[in-house]
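Visitor: Before I ask anything, let me first share the structure, which is written out below as structure tokens.
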Amino acid sequence: MTMNATGATALFLACTALSAAPAWADFSDDVIRIGVMNDQSGPYADNCGAGSVAMVRLAIEDHGGAINGVPIEVVVADDQNQPDVGVSAARRWVEEEGVDTIVGCSASSIALAVQDVMRQHERPYLIAGTATTETTNGQCSPMTTNWAYDTYTLARGSVNAQIEQGNLSWYFITVDYTFGHAWQDDATRFIEAAGGEVLGSTLHPLGATDFSSQLLQAQASGAQVIGIANAGADLANVIKQAEEFGIVAAGQQIAPLGAQVNNIHGIGLPATQGLVFSAAAYWDRDDETRALTERYNAAFDGRYPNESQLVTYSAVNHYLTALEAIGTDEGVAVMDQMRATPVNDPIMQDVSIREDGVVMHPMLMVQVKTPEESTGDWDYYDVLGLIPAEDSWRTREESSCPLFTE
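In mature numbering (1 follows the signal peptide of the UniProt record, and there is no 0), the protein residues as written are -25 to -1, 1 to 381.
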């Protein structure tokens, strides 16, 4: 058998192309599977839940539903706010069902456990609504990114807002698990560093409905500020009951360490007007966020996205952009590409991802409008300004993440 010059040249070029291609330049199982894990039915369901799933689908839509002809699928798990449920789902997904990444908005204990699973299997874990700092601090992982906030960033914003008004004495109402304790601890450090003091605190279980005892203790403390270290339905209940007790009218300030726009919607402006806190994003910030929100409205029963749901779009969009760039869903390569490329989308512009997994976006300082100031559906925030990323997130020097020293 003989080969002419044209055939030899073609064979040479084909072999050269094959040898130059990276060994991992493909997609496992000929499908890209994205797992969405959060509380779908409990006290935090409104914070992420089905709304985060809807935002994941919008990001997929913006990539044409496939990458290099490989379809993108979504699977969903309700973690039920139980670590064993979340870990079981994560293991099943990555060990049996070929899930390539998990977008998480789970309770802190669940997120830390799922993070270990993803580290072991070298799959990207995109956190878009879990507040513990440990996922990017002492227990940081090269496979994890945090897209929203943590107890450090949120506490810093809320505390500084009160300190600037001369409010130095605090009393805390705190949810009794890892998240709440860490949040109060972070806030306490900022309060004491500014010359303030914490006069006391009281705990409540997750899913509490009656906060009368905690509010009476907070009133009796005489603190200028009652700090609220909880979220979701707990936050709604305590703020509604604080209004019934006339706490703000009597001269004390209510300071949630964090809140989301859906919380404000559920509680109502009469009870939340004037609250000041920091936020990762806001649907009505500019034309780009409003355009994304219009699509979300159409896809999700006329609803408006909150902070966690907005950054979920950023996380999934950036993940898929990395896959397009390198032509593989191999986890380590994807994480390298995500860190190497600035985040640019309707929510974030030219944002970097630090070694510890922190997505270094600025935070918004917002104040809840009065009923008279609000001019339309979900028009709830006055954006008072931007808090630069370096003034929001834990610094490298403060961090105990070992990835900074490797």
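All C-beta atoms in this analysis are idealised placements derived from N, C-alpha and C, irrespective of residue type, glycine included.
Keep in mind the model is a prediction, meaning the values are calculated, not measured.
Looking at the secondary structure, which residues open and close the alpha helix (DSSP H) in which A129 lies?
Guide: Looking at the sequence itself, residue 129 is Leu, so the reference to Ala does not match. Counted as a single uninterrupted DSSP element, the alpha helix (DSSP H) harbouring L129 occupies residues 126 to 138.
Visitor: Pair every Cβ in the region 203 to 223 with every Cβ in the region 39 to 56, then say whether three or more of these pairs are closer than 8 Å.
Guide: no
Visitor: Can you tell which of D53, D54, A34 has the C-alpha that lies nearest to the C-alpha of I47?
Guide: A34
Visitor: Does the separation of the CB atoms of M283 and A103 fall below 7 Å?
Guide: Correcting the residue type first, residue 283 is Ser in the shown sequence and not Met. Yes, Cβ-Cβ distance for S283 and A103 is below 7 Å.
Visitor: Can the beta-carbon of L174 be found less than 7 Å from the beta-carbon of Y146?
Guide: yes
Visitor: Within the same chain, show all residues whose beta-carbon is closer than 7 Å to that of A86, passing over the 5 residues directly before and after it, in chain order.
Guide: When the five nearest sequence neighbours on each side are left out, the beta carbons in the same chain lying within less than 7 Å of the beta carbon of A86 are those of G79, I102, T105, T107, T110, in order along the chain.
Visitor: Check the DSSP bridge columns for H179 and list the partner residues they point to.
Guide: V150
Visitor: Taking C-beta to C-beta, are C115 and D331 nearer than 7 Å?
Guide: Their beta carbons are under 7 Å apart, which means C115 touches D331 by this criterion.
Visitor: For V74 and I7, what's the separation of their Cα atoms in angstroms?
Guide: 7 Å
Visitor: How big is the Cα-Cα spacing for G351 and A29?
Guide: 23 Å
Visitor: To the nearest angstrom, how far is it from the Cα of G302 to the Cα of F2?
Guide: 7 Å
Visitor: Take L295 as the anchor and find which of F275, D4, Y279, T316 has the nearest alpha-carbon.
Guide: T316
Visitor: Whose C-beta lies closer than 8 Å to the C-beta of L361 among residues of the same chain, with five residues either side of it excluded?
Guide: P337, M338, L339, M340
Visitor: Extract the residue ranges of the beta strand (DSSP E) inside the region 69 to 122, only unbroken runs of 3 or more that lie entirely within it.
Guide: Runs found: 76 to 80, 100 to 102, 119 to 121.
Visitor: What number of angstroms, rounded off, separates the C-alpha of V150 from the C-alpha of D5?
Guide: 44 Å
Visitor: Do R369 and Y127 come within 7 Å of each other at the CB atom, strictly closer than that value?
Guide: yes
Visitor: Is it a yes or a no for the region 237 to 256 touching the region 177 to 186, going by three-plus beta-carbon pairs under 8 Å?
Guide: No, the region 237 to 256 is not in contact with the region 177 to 186.
Visitor: Quick check on this structure: which residue in P231, G243, Y279 has the alpha carbon closest to the alpha carbon of Y257?
Guide: Y279
Visitor: Since Y356 is in the beta strand (DSSP E), which residue starts that stretch and which ends it?
Guide: 356 to 362
Visitor: Any chance you could list the alpha helix (DSSP H) runs of at least 4 consecutive residues sitting entirely within the region 270 to 349, in chain order?
Guide: Runs of the alpha helix (DSSP H) inside the region 270 to 349: 282 to 301, 306 to 315.
Visitor: Rank S144, A157, G24, D59 by C-alpha distance to the C-alpha of L129 and give the top, closest one.
Guide: A157
Visitor: What did DSSP end up calling N205 once you bin it into helix, strand or coil?
Guide: coil
Visitor: Kindly list the residues whose CB is nearer than 7 Å to the CB of W(-2), restricted to its own chain and excluding five residues on each side of it in sequence; keep chain order.
Guide: Confidence at W(-2) is low in this model, with a pLDDT of 43, below 50, so its placement is unreliable and the value that follows should be read with caution. Around W(-2): T303, E305, A308.
Visitor: Classify R131 as buried or exposed, calling it buried when 16 or more other Cβ atoms lie within 10 Å of its own Cβ.
Guide: buried
Visitor: So what does F252 bridge to, in DSSP terms?
Guide: The partner list for F252 (beta bridge, DSSP) reads V341.
Visitor: Measuring CA to CA, which of G226, L244, A225, V134 is closest to A211?
Guide: Nearest of G226, L244, A225, V134 to A211, Cα basis: L244.
Visitor: In angstroms with no decimal places, state the Cα-to-Cα distance between V31 and R94.
Guide: 22 Å
Visitor: Do T247 and V134 count as a contact pair if the criterion is CB distance below 7 Å?
Guide: no
Visitor: DSSP state of P18, grouped into three classes?
Guide: Residue state, collapsed to three classes: coil.
Visitor: Throw me the rounded Cβ distance for the Q159 and S176 pair, which I believe falls under 8 Å.
Guide: 6 Å
Visitor: If you draw a straight line from the C-alpha of S375 to the C-alpha of G113, how long is it?
Guide: So the alpha carbons of these two residues sit roughly 5 Å apart.
Visitor: From the DSSP secondary-structure annotation, give me the bridge partner or partners of N13.
Guide: Partner(s): D53, C80.
Visitor: Between the C-alpha atoms of V49 and S81, what's the straight-line distance to the nearest angstrom?
Guide: Spanning the two alpha carbons is a distance of roughly 17 Å.
Visitor: CB I242 to CB I214, shorter than 7 Å?
Guide: yes
Visitor: Using a 10 Å radius around the Cβ and a threshold of 16 neighbouring Cβ atoms, would you call S253 buried or exposed?
Guide: buried
Visitor: Below 6 Å CB to CB, which residues in the same chain sit around W68 once its five sequence neighbours on both sides are set aside?
Guide: G10, V74
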